[in-house]
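In what follows, a structure is listed as structure tokens, so that the remarks can point back to it.
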Amino acid sequence: MQSMNLLIDKWIPVQHAGLPEKITLQQLLCGEKTGELCLPRDDMEFACLQLLVALTQVLFTPVDKKALVQRIQKPLTLEEYVDGCEGKKDWFDLSHPETPFMQYKGVKQTKASETPLEKLLPGLNDGQSKVFINQAGLADCLCESCAAIALYHYSNNCPNMGGGPGGGIKSGLRGNSPISTLVSDPSLRRTIWLNTLTSESVDRFFQDDQGSYVDTPNYVDKVCAGDKIYPHKISLTRGLFWCPVRFEMLDMQTSKHCSHCGCKGRAYTYFRKEPFGYQMEGIWNHPYSPMFFSTKKGKKEYYVPSINSDYPSWPLLGKFIRGC
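Take 19 as the starting number for the sequence shown in our numbering and just add one per residue.
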């Protein structure tokens, strides 16, 4: 069965002139199609935007500010798109036989490993949490597009599923429910480029003193259980596509209506997970998050601000927004 690839296939959910459709990354970045991101859940829309920015960053990093301005003003050519994807397509194949996107191939089958898809979408009723806003049954199956976005969402934005530094089901490099800040523009294509760093900025903020970067996602060149991970050893590519868990999407059905976006096609009905432990020795300088610090005993301690909860964040906006 052919697998969905984020660099080739139609997976980006947009709405244009009131009509929903899915378009390819090429169509979006080459200016062939446009629209606004369109999914039932705002957090999934935002995760999709983060994923689009990360893909663009890794594939098409502008050399300098002048090149970035050109990218904002003018779409990529087809030749530029093809050149940028060269050698990286396997990284973004959702069902790759060895390195599936944001997954670990060969998760052990146990009673505890079989997991409903609700666990990938915070706030849904999964039998262990109460219904807050959403009714039950909203993740009975997920299409390939929604599955890819949900996997990226969990690895970057969601609370962990339990477990400490030595094991369990970990959250991403920024910890549980980190706050993300991105620049917005009426054009989705321009929004993506406005949040993309130049090579000059990447070299300045993500320089490895030892020259020993592994510049691939960690679901491609894997981390071993028990490893100590040092932030200055994590390249921008590896950090943007850091997978903190061992998940494997399973039970692909060929003709199902996605419980999330409603489209009909191939869909997953559950996934497997297994505990996996490593130790982070510090905080990685993630480009999507502000960094705060506090001073204790004369020493600065840095942290990423977060909304650490299992329910939607909008009830907490009063803590951040003041009336005029």
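For each residue, glycine too, the CB sits at the ideal point set by N, CA and C.
Own chain partners of residue i with C-beta closer than 6 Å, once the 5 adjacent residues on each side are dropped
i, result
"residue 45", "51"
"residue 183", "Note that residue 183 has pLDDT 48, beneath the 50 cutoff, so the model's placement of it is unreliable and no number is given."
"residue 275", "282"
"residue 196", "307, 322 and 324"
"residue 169", "120"
"residue 165", "267 and 286"
"residue 24", "110"
Per-residue DSSP class, three states only, for residue i
i, result
"residue 88", "helix"
"residue 167", "helix"
"residue 266", "strand"
"residue 200", "coil"
"residue 23", "strand"
"residue 161", "strand"
"residue 207", "helix"
"residue 219", "helix"
"residue 387", "Outside the displayed span of the chain (19 to 342) sits residue 387, for which this structure offers no information."
"residue 234", "coil"
Residue i - partner residues in DSSP beta bridges
i, result
"residue 133", "289"
"residue 256", "Partner(s): none; residue 256 has no beta bridge."
"residue 321", "310"
"residue 59", "Answer is none; residue 59 lacks a bridge partner."
"residue 32", "39 and 55"
"residue 297", "246"
"residue 316", "Looking at the DSSP assignment, residue 316 forms no beta bridge with any residue, so it has no partner."
Closest by C-alpha distance to residue i, when choosing among the options
i, options, result
"residue 124", "316, 303 and 291", "291"
"residue 255", "106, 65 and 83", "106"
"residue 214", "311, 240 and 77", "77"
"residue 72", "234, 157, 138 and 137", "234"
"residue 27", "35, 40, 33 and 36", "40"
"residue 37", "43, 56 and 80", "56"
"residue 157", "32, 58, 319 and 251", "58"
Residues near residue i in its chain [Cβ-Cβ closer than 8 Å; skip 5 each side]
i, result
"residue 199", "306, 307 and 308"
Own chain residues within Cβ distance below 7 Å of residue i, not counting five before or after
i, result
"residue 133", "288, 289, 290 and 291"
"residue 312", "319"
Residue i beta carbon near the ligand PLP (any heavy atom closer than 7 Å)
i, result
"residue 214", "The ligand PLP is absent from the structure shown, which contains no ligands of any kind."
Exercise. Along the chain, which unbroken stretches of the alpha helix (DSSP H) at least 4 residues long are found entirely within the segment 80-126?
Worked result: 83-91 and 96-103
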